[in-house]
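One structure is given here, and the rest of the page talks about it.
Number of protein chains: 2
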Amino acid sequence: MSQHRPGGPNGRSGGVPALPDLPEATVARLPEYLRALHAIAEVGSDTISSEALATAAGVNSAKLRKDLSHLGSYGTRGVGYDVALLIDQIEFTLGLTQRRAVALVGVGNLGHALAGYAGFASRGFRIAALFDADPERVGEPINGLNVLHISELATVAAAESIAIGVIATPAAAAQDVADALVTAGVTSILNFAPCVLSVPEGVDVRKVDLAIELQILSFHEHRKSALTALPGGYGSPNGLAATGTEEAVGT
Amino acid sequence: MSQHRPGGPNGRSGGVPALPDLPEATVARLPEYLRALHAIAEVGSDTISSEALATAAGVNSAKLRKDLSHLGSYGTRGVGYDVALLIDQIEFTLGLTQRRAVALVGVGNLGHALAGYAGFASRGFRIAALFDADPERVGEPINGLNVLHISELATVAAAESIAIGVIATPAAAAQDVADALVTAGVTSILNFAPCVLSVPEGVDVRKVDLAIELQILSFHEHRKSALTALPGGYGSPNGLAATGTEEAVGT
DNA sequence: CGCGATTTGTGCACGAGTTCACAAGCGCCT
DNA sequence: AGGCGCTTGTGAACTCGTGCACAAATCGCG
């Protein structure tokens, strides 16, 4: 998706830690592997096979091995992967060796929940500041943090060196907030508002739309009932649901 | 991802409404198009070009046209798409002509917010029941609905004909809840718990992991700072950030 | 010390998804 | 009526991701 080999097929020469140019699909799965590894480490295993880790992460083992091979060779043939080493390696790759500060904008229904979500803290993030445009909400303490007015965003972001912002405002306000975040130096945005954001090049945006997820499920429901509800109906002649392999939709 | 052509390249014969066997990637984008269309309809336009709709939905126009072409030919060359017609068509495809009942399990931090999320209601869903395992919480009214104990899941799900379940419990409880949902007849699950669910064939699962989204952003942050912070550093020899094309991560 | 059991890392083929580029179709204007 | 400009729908090339299957590597044991 961005930075590129200048000339050759892989333009490194000195190559020390050597940013390995991971496929985006792999990057999206690394956090899942990391979570599975932490769970395994807690149980106490020192090493784990690709097969076992793959099951724990909900993928097949070939994919997992290929993903991990992009990070380098951290497994031992005949044995498996060293759990602790692999955790370190993935955390380094994801940039989780430092605890990253996050700004959360919009302390409404959803924002309130996000501010209290323990999963952020336990997985490498620190919610460093809460913002809202509503003066009524400014000053309100949430989870040990006072809500600030959005006008303070730039100053606070600089002081706390915040590079990641989360938008949990209504859709109508989201673009303005995004602009403010970018101005404040934020270069990664997680957007929960149901709308498309336009940001300058160099800023990454990921979108999570809760209703969309349900709508996708709805599609599959619709499809299922069309297939089963009509006994000798149209569609596929045989009543067998005929999957054979895995079910479950990918993320 | 599942049901399949028995023999021929496209095993229809009678083909009445003719389930068109959409690519999964297309399905995932349809809700976004739908949202954009509703916004456009509100402004008052009767028709819209693929170019304009694509911009509103954050994709390029070729992709949008190909996606829509899978539903059938609902555009007029030289003019564009009829907004109202297209809305109907996408809503039908997604199975949103009926308002779908959803069960929400886990009324903690996040579940509470989801129960009050207006976006569900406005986009075709009705939260029909709230469940929790904690007796303390049972009876608590949230948004006009009383929290029920999870043991009542089966009865209520049947009575309300609930086919979609949302899991917003801690990870430790999620698998048990999923099993209970499946037993209660639920065939689509939206999982907010950070863990892999195993479900029988025929049940769809989609996962939303808030921390994972941040971790993916963290990766890109890490990459960015490695490229810019080190002037003539290690890694790639030339300091040029060299993007050139689009930025912004896909969902 | 060598052999077999085990598991990683990867070359290759395949399939899904994306993008380009253009022919076909439609409305409008003259 | 005819031509022109605009926009859709789609064939074809291409990129990206996946999965199989196997060679290479390591450990343990006789």
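Chains X and V, in that order, give the protein sequences.
Going by my numbering, the first residue of the first sequence is number 677, and it counts up by one from there.
Going by my numbering, the first residue of the second sequence is number 677, and it counts up by one from there.
Even for Gly, the Cβ is constructed at its ideal location relative to N, Cα and C.
Task: Counted within 10 angstroms of its Cβ, other Cβ atoms place glutamine 774/X as buried (16 or more) or exposed - done: exposed
Task: Where the alpha helix (DSSP H) through tyrosine 709/X begins and ends - done: 700-719
- [ ] Put aspartate 758/X into one of helix, strand or coil per three-state DSSP.
- [x] strand
- [ ] Kindly indicate which three-state DSSP category alanine 804/V falls into: helix, strand or coil?
- [x] strand
Task: Coarse secondary structure for isoleucine 892/V, derived from DSSP in three states - done: helix
Task: Neighbour list for alanine 733/X in chain V, Cβ cutoff strictly below 7 Å - done: Val872
Task: CB-CB length for alanine 804/V against glutamate 828/V, believed under 8 Å - done: In fact, because the Cβ distance is near 12 Å, the residues do not count as touching under 8 Å.
Open item on the list: Just to confirm the assignment, what range does the alpha helix (DSSP H) spanning alanine 728/X have?
Closed with: 726-733
- [ ] Provide the residue(s) that pair with asparagine 822/V in DSSP beta bridges, ordered along the chain.
- [x] Pro817/V
Open item on the list: Tell me the rounded alpha-carbon separation between serine 874/X and aspartate 852/X.
Closed with: 10 Å
- [ ] Go ahead and pull the three-state DSSP assignment for leucine 916/X.
- [x] Low per-residue confidence applies at leucine 916/X: pLDDT is 32, beneath 50, and the placement is therefore not dependable, though the value from the model is reported in the following sentence. Leucine 916/X falls in the coil class under three-state DSSP.
TODO: For glutamine 851/V, decide whether its Cβ has a neighbour in chain X, counting only Cβ atoms nearer than 9 Å.
DONE: no
TODO: Take histidine 825/V and list the residues in its own chain whose beta-carbon comes closer than 6 Å to its own, dropping the five residues that flank it on each side.
DONE: Val814
Open item on the list: So, at 6 Å on beta carbons, what are the nonlocal neighbours of leucine 890/V in its own chain, with the 5 sequence-adjacent residues on each side left out?
Closed with: none
Open item on the list: Please state whether the Cβ-Cβ distance between aspartate 880/X and glutamate 897/V is less than 9 Å.
Closed with: yes
- [ ] Compare the C-beta of serine 745/V with all C-beta atoms of chain X and state if any pair is closer than 9 Å.
- [x] no
Open item on the list: Any C-beta of chain V within less than 9 Å: which residues of the segment 879-895 of chain X qualify?
Closed with: Val879, Asp880, Val881, Arg882, Lys883, Val884, Asp885, Leu886, Ala887, Ile888, Glu889, Leu890, Gln891, Ile892, Leu893, Ser894 and Phe895
Task: Rounded straight-line distance, which links the Cα of asparagine 822/V to that of alanine 712/V - done: 34 Å
Task: Contact the segment 746-763 of chain X vs the segment 778-791 of chain X: 3+ CB pairs below 8 Å - done: no
Open item on the list: Do leucine 770/X and isoleucine 892/V count as a contact pair if the criterion is CB distance below 9 Å?
Closed with: yes
Task: leucine 857/V and alanine 833/V closer than 9 Å at C-beta - done: yes
Open item on the list: Tell me the DSSP secondary structure of glycine 784/X in three-state form.
Closed with: coil
- [ ] My understanding is that valine 759/V touches threonine 723/V, with C-beta atoms under 8 Å, so please give their C-beta distance in whole angstroms.
- [x] 6 Å
Task: CA-to-CA distance, serine 721/V to valine 715/V, given in whole angstroms - done: Note on identity: in this sequence residue 715/V is alanine, with valine being the wrong assignment. Distance between the alpha carbons of alanine 715/V and serine 721/V is about 10 Å.
- [ ] Anything in chain V within Cβ reach of arginine 711/X, meaning under 7 Å, just list it in chain order.
- [x] Pro870
- [ ] Could you confirm whether any beta carbon from chain X is found closer than 9 Å to the beta carbon of glutamate 897/V?
- [x] yes
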